[in-house]
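For reference, the structure is listed below as structure tokens.
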Ligand code: CP3
């Protein structure tokens, strides 16, 4: 087993005694590029609107309220993982929760997605961003982590997560979803010093937040740099890579870090330089080619979520193609190339999990 060290920021994993059930789980083995009995699978957005029980819950409670209710958030985390028979659970929360303690007013409106009422539009605002004290400001997330860890089967890993500094900055600056990221890019290019200050502040916040999730019971963490694919390689290298490198270096060794973004085909080599254990591949790249380009790390991915709308024969063929590209090498975690789409049928997700397990059994 890899040594579990204390990180510079002081996080101490809970599960540091011997080769535990968790360490022997297919998901943890694959993250560490060790042999597995079958290819582990979990799905981004495995808990969400495509599930009738989730929609039912959401009729009674708003999305933010749900995230802030550890008992219910724990229930959503655990029930989704158990219902699907996946090899890891992912914390039920959102990458944007951290914006509130930073000083932003966040709302999720029906149909519109996230909206920030007071976006960051001036250089001066950067120095007024609050320091986030994760233990108090995001205590409800940490409570969900603790409760989910206790409620999950002993051998089922819990994945914590955060947005990456760039993707969080894009929401702060744009004020919500964006197509062209014009304000974010203008800020980056015109105000490089303020951009650096913003990214340093966000990197510290993200590092502390992930360390806190690990200390409270997460076995692995995923960093979502969902929208970083809008940048060119040169801009990624200048404006993002140093910060991602610092975030990952600040996390405890031995706790796998998954680094994921969408539309990142031209950035994979650079993203891999940030130093994660696992690179998430989206569906715009072939798995074998993506793996070659990220080098000696584990990979996660990369079925197009739209293929969950095809019949079982087509779905099986596509799964087989991805497994063939992985060639049974150590270090493949099956996932979608982006999250489960809201109108997906639960049955086809169940079929996906079953087919991946069956076809990959060694
Ligand atoms: O099951 C899981 O994956 C765990 C929970 C999770 C959510 N969001 C719950 C959620 C995770 C890991 C996220 C990450 C997230 N949130 C990302 C990165 C992943 C990605 O898609 O690239 C981003 C960009 C967000 C921001 C966000 N949250 C948006 C843009 C939206 C609205 C649009 C949408 O897809 O629904 C959300 C809302 C959200 N986050 C929902 C859920 C289940 C739907 C809320 C609802 O209506 O119930």
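In our numbering, the protein residues as written are 867 to 1228. Backbone N, C-alpha and C fix where the C-beta goes; we use that ideal spot for every residue, glycine too. Predicted model, so just to flag it, every value in this text is computed and none were measured.
Here's a check: name, in chain order, each residue in its chain whose Cβ is nearer than 7 Å to the Cβ of residue 1061, leaving out the five neighbours to either side. When the five nearest sequence neighbours on each side are left out, the beta carbons in the same chain lying within less than 7 Å of the beta carbon of residue 1061 are those of 1053, 1054, 1105, in order along the chain.
(request) Run the CB neighbour count on residue 1098, radius 10 Å, all protein chains shown included, and call it buried at 16 or more, exposed below. (result) exposed
Within its chain, find whatever has a CB closer than 6 Å to the CB of residue 880; leave out the 5 residues flanking it on each side and keep chain order. Unreliable placement is indicated for residue 880, whose pLDDT of 46 sits below 50; the coordinate value is still reported in the next sentence. Only 1083 meet the Cβ criterion.
Q. Would residue 1088 be called buried (16 or more neighbouring beta carbons within 10 Å of its own) or exposed?
A. Result: buried.
Contacting residues, own chain, Cβ-Cβ under 7 Å from residue 1076 (five flanking each side not counted): 1026, 1028, 1087, 1117.
**OP:** Give the DSSP-derived three-state secondary structure of residue 1108 in the structure shown.
**Re:** helix
Option in 1165, 969, 1205 with minimal Cα separation from residue 1174: 1205
Exercise for the section: Check residue 834 in the structure and name its three-state DSSP category. Expected result: This structure does not reach residue 834, given that the chain is present from 867 up to 1228, and the question cannot be answered.
**Asked** How would you call residue 961, buried or exposed, if buried means at least 16 neighbouring beta carbons within 10 angstroms?
**Response** Flag for residue 961 reads buried.
For the beta strand (DSSP E) containing residue 980, name the first residue and the last one.
979–982
**Report entry** For residue 1223, the three-state DSSP class (helix, strand or coil)
**Finding:** helix
Could you tell me whether the region 1041–1052 touches the region 1007–1017, using the rule of 3 or more Cβ pairs below 8 Å?
no
**Q.** Reference residue 1186; option with closest CA among 1221, 988, 972, 887
**A.** 1221
6 Å CB neighbourhood of residue 911 in its chain, flanking five on each side removed: 1205, 1206
Report the residue from 1056, 1131, 1000, 942 whose alpha carbon sits nearest the alpha carbon of residue 922.
942
- Message: Looking at the secondary structure, which residues open and close the alpha helix (DSSP H) in which residue 945 lies?
- Response: Start and end: 936–950.
key: Limits of the unbroken alpha helix (DSSP H) element including residue 1011   = 1005–1017
DSSP three-state label for residue 973, please.
strand
Requested in this report: Could you check if residue 1180 is buried or exposed, using at least 16 other CB atoms within 10 Å of its CB as the buried criterion?
Outcome: With fewer than 16 Cβ atoms within 10 Å of its Cβ, residue 1180 is classed as exposed.
Next on the checklist: Using the Cβ count rule (16 or more neighbours within 10 Å means buried), how would you classify residue 1168?
Outcome noted: buried
#### Entry: Distance, residue 1165 Cα to residue 1154 Cα
10 Å
- prompt: On the three-state DSSP scale, how would you describe residue 1046?
  reply: coil
ask   = Mind checking whether residue 1109 and residue 1066 have CB atoms under 9 Å apart?
value = yes
When you compare the region 988–1002 with the region 913–929, are there three or more beta-carbon pairs, one atom per stretch, that lie closer than 8 Å? Judged by Cβ distances under 8 Å, the region 988–1002 makes no contact with the region 913–929, as fewer than three pairs qualify.
Practice prompt. Let me know if residue 1016 comes out buried or exposed under the rule of 16 or more other beta-carbons within 10 Å of its beta-carbon.
Written response: exposed
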